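Q: My numbering numbers the first residue of the sequence shown as 12 and each following residue consecutively. Would you mind keeping the following structure in view while I ask a few things?
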Amino acid sequence: MKPPREEEIQQDYVEYVVKINRCATVVKGGRRFSFSALVVVGNKNGKVGIGFGKANEVPPAVQKAVKDAKKNSVKLDLCGDTIAHEVIGKFGATEVFMKPAAPGTGVIAGAAVRAIAEAAGIKNILSKAYGSTNPVNLTKAALKGLQSIRSKEQLRRLRGVEIK
């Protein structure tokens, strides 16, 4: 028997169901429905993942999406309870602009980007979505943007200057 992986040991993930979609297939006897779920999971400490699951009922679709999100989770470089610098994430026809905010500002974002920020543990951020507002593309663009954030140490090494 294999030992459980780190994700299976940790049970401190928070789940956010971003979107549930019902699809219909027309068959000889009528319509057959299936469901897809987009879920964001995170440990509120910089680790976050996006998952997509499909099934004939809603609960199994959400379970599959959660499993997929935990499998695809990534670690982000955060600067306290916000991000280190402005960033733009692009995916498909969607662009998400994210900017660090002063303490007490809160998460100013749409539902999809808000789920990513809250799951990652970001408490103060400003964001604006441009282009397509498809929730799947928004979450992927936001995560891509957050992954491109560099830490203060990386910026110091890159520029060759001292950052306070």
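Think of the CB as a built atom: it goes at the ideal place given N, C-alpha and C, for glycine as much as any other residue. Nothing here was measured: the structure is a model prediction, and the numbers come from that model.
Does DSSP classify residue 169 as helix, strand or coil?
A: The residue given as residue 169 occupies position 158 in the sequence shown. Reduced to three states, the DSSP call for residue 169 is helix.
Q: For the beta strand (DSSP E) containing residue 66, name the first residue and the last one.
A: On the sequence shown, residue 66 is found 55 positions in, with the first residue counted as 1. Run containing residue 66: 58-66, per the beta strand (DSSP E) assignment.
Q: What residue ranges within the stretch 96-151 form continuous alpha helix (DSSP H) runs of no fewer than 4 residues, ordered along the chain?
A: The stretch 96-151 contains these whole alpha helix (DSSP H) runs: 122-131.
Q: With a threshold of 16 other CB atoms inside 10 Å of the CB of residue 151, please say whether the residue is buried or exposed.
A: Position 140 of the sequence shown holds residue 151. With 16 or more Cβ atoms within 10 Å of its Cβ, residue 151 is classed as buried.
Q: When DSSP labels each residue in this structure, what does residue 55 get in the three-state scheme?
A: Locating residue 55 in the sequence shown gives position 44, where the first residue counts as 1. Coil, per DSSP.
Q: Suppose you measure from the CA of residue 164 to the CA of residue 94; what does that come to, to the nearest Å?
A: In the sequence shown, the residue the question calls residue 164 occupies position 153. In the sequence shown, the residue the question calls residue 94 occupies position 83. Roughly 14 Å between the two C-alpha positions.
Q: Tell me the residue span of the alpha helix (DSSP H) that contains residue 81.
A: Position 70 of the sequence shown, counted from the start, is the residue given in the question as residue 81. That run of the alpha helix (DSSP H) goes 69-82.
Q: Where does residue 87 sit, in a helix, a strand or coil, going by DSSP?
A: Taking the sequence shown and counting its residues from 1, one reaches residue 87 at position 76. Residue 87 falls in the coil class under three-state DSSP.
Q: For residue 26, write down the residues that DSSP places opposite it in a beta bridge.
A: The sequence position of residue 26 within the sequence shown is 15, counting from 1. Answer by DSSP bridge pairing, in chain order: 52.
Q: Which of the three DSSP states, helix, strand or coil, is assigned to residue 40?
A: Mapped onto the sequence shown, residue 40 falls at position 29. Note: residue 40 maps to coil in three-state DSSP.
Q: Can the beta-carbon of residue 29 be found closer than 8 Å to that of residue 130?
A: If you number the sequence shown from 1, residue 29 lands on position 18. If you number the sequence shown from 1, residue 130 lands on position 119. In this structure, residue 130 does not lie closer than 8 Å to residue 29 by Cβ.
Q: If we count Cβ pairs, one from each stretch, closer than 8 Å, do we get three or more for the stretch 106-119 versus the stretch 132-140?
A: The stretch 106-119 vs the stretch 132-140: in contact.
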